[in-house]
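Residue numbering for the sequence shown follows this note's numbering, beginning at 9 and increasing consecutively.
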Amino acid sequence: MATPTHRGAMLAAKSIRNQQVRGVASSTRAVVEASAPLVNPAQQKILKRIKKVRADEITQLVGRLSLFGPMPVPTPSADGTTPMQLSNPFLARKNIKTGKWRPPAYSLRRQADLAKLALKAGHLDKLPPGPKTTALKDRIERVKMSLSQSDVKRLDTNVVPIAAPPPKFQAPPAFLKARHRAEKLANDVAHLRRGFSNDLERAQKATEDDQAKYKEMAARKAKEIVRKEAKLVPLAEQVNALAKTVDAYNESIVAAHAESERRFTMPVEWVGKLPEKKKGAELGVRLYANKKRMFKGHLWERARASRVKKQAILMRHMAARVARYKDYYKKRRPNPLKPPRYTKPPRLPF
C-alpha cells in the first residue's frame with residue numbers, strides 16, 4: 009500500500025487538470041459578465057409591457073380564430089405588403105359558438121395605463137385602437153392645434169422612442185451550474201492538499217507517539233483528495249464540453265431577440281369595430297355638442313325674447329294710440345269747466 013507521501017506525489021500531476029478547470033471557469037466568467045451598455049430598467053419594463061400586448065395576440069391567434077371565427081379579407085398596405093391580422097384585445101368580440109359578447113381582454117383602466125406608458129415610450133402607434141388610445145390621440149391633436157408650429161416641432165422632437173437593448177452575452181444554465189460545482193470541488197481539493205502537507209510537516213516534527221496520529225490524518229485526507237479528484241476529472245470534461253455550446257446558446261438568444269423585434273415592428277391590422285364616437289368627442293364637449301342652449305337659465309331670461317317681441321309690436325303704434333286717446337276727450341268736452349254736451353255716459357276708445 010502506498011504511503012500518503014507517495015499518493016501526494018502521484019496526485020501532483022492531476023493538479024494540472026484542476027488548474028485547467030479553474031482557468032476555463034475564470035475565462036468564461038470574464039466573457040459572460042462582460043459589461044453591457046447601460047439601460048434604464050424602468051424604460052425597459054415599459055417597453056416589455058407594450059410588447060406583451062402584441063406578443064400575446066400572436067401566441068393566441070389560433071384560439072382567437074376558434075372563438076371569433078375567420079378573419080376578414082386583409083387590406084393591403086401602401087407599399088403592397090399584406091399586414092398580419094390580429095384580434096383587437098381592446099374591443100369586445102362576439103363568440104360565434106355561443107352568440108354572446110366577450111368583454112375586452114384589457115379593462116378600460118389597463119388600456120388607459122398602457123396608453124400613457126406607450127405615449128411616454130414613443131410607441132403609441134404600436135397599441136391597437138381602443139376607446140382610451142383614441143381619446144388620448146384626440147387630446148394630443150387638440151393640444152397641438154392650440155400650439156404654434158415651432159412648439160409642435162419641439163414637442164415632436166422631444167419624444168424619443170425607447171429602443172430595446174442589444175442581447176447580452178450569456179452562458180447556458182447547465183454550463184453555469186457545472187462550472188460552479190467544478191470551482192467548489194477544486195477549492196475543496198486545494199484546501200485538503202494544504203491540510204495534507206501541514207499534517208506531513210507536523211508528523212516530521214512531532215514525537216514518535218504523535219507521528220502515528222498525524223500520519224493517520226494525512227492518510228484520510230489523501231483518500232478524500234483521491235475521491236474528489238476522481239469526481240473532478242469528468243466534471244472538468246463536462247465544463248469544457250459545455251463551454252463549446254456557449255456560442256450556439258448566444259446565437260439562439262440573438263435570433264430570439266431579432267424575432268421579437270420583427271414581431272414588434274411588423275405591420276398589423278387589428279380586427280374589430282371601434283364604436284362610433286359621440287358628437288363633440290373630438291372637442292371634449294360631448295354633453296353640449298350641437299346644442300343651441302347649454303343651460304336652462306332663469307325664467308326672465310327664457311321669457312325675454314317673447315316679451316321684447318310683444319313690446320316691439322305694442323310700441324309700433326303707441327304714438328297714434330296716445331293721440332287718439334287725447335283727441336277723444338278733447339272733442340267730447342272742449343271746455344271741462346262748462347257743462348257736458350252729451351248726457352250719455354262716455355266710453356273708452358278701446
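Note that CB positions come from ideal geometry on N, CA and C, so glycine has one too.
All values derive from a computational prediction rather than experimental measurement.
For Ala244, the closest C-alpha among the options Thr67, His188, Ala226 is that of His188. For Met92, the enclosing beta strand (DSSP E) covers residues 92-95. The three-state secondary structure of Lys346, taken from DSSP, is coil. Annotation for Glu191: the continuous alpha helix (DSSP H) segment containing it runs 181-213. In the displayed model, Arg57 falls within a helix according to three-state DSSP. Taken in chain order, the complete alpha helix (DSSP H) segments of 4 residues or longer contained in the segment 286-336 are 307-324. Counting only the Cα atoms, Pro80 lies some 54 Å from Val247. Leu122 counts as buried, since at least 16 other C-beta atoms from the protein chains shown sit within 10 angstroms of its C-beta. Counting along the chain, Val167 sits inside no beta strand (DSSP E), nor does DSSP assign it H or E at all. Considering only Ala328, Asn96, Gly77, Gln178, the residue with the shortest C-alpha distance to Gly107 is Gly77. Under the 8 Å Cβ criterion, the segment 93-113 counts as touching the segment 136-145, having at least three qualifying pairs. Membership of Val151 in the alpha helix (DSSP H) is indicated by the continuous run 139-153. Cβ atoms of Ala211 and Ala226 come within 8 Å of each other, at about 7 Å.
Contact between the segment 228-238 and the segment 152-164 is not established, with fewer than three Cβ pairs separated by less than 8 Å. Distance from the Cα of Ile58 is smallest, within the candidate group Arg118, Arg110, Pro91, for Arg118. Between Leu55 and Ala129, the C-beta spacing is below 7 Å.
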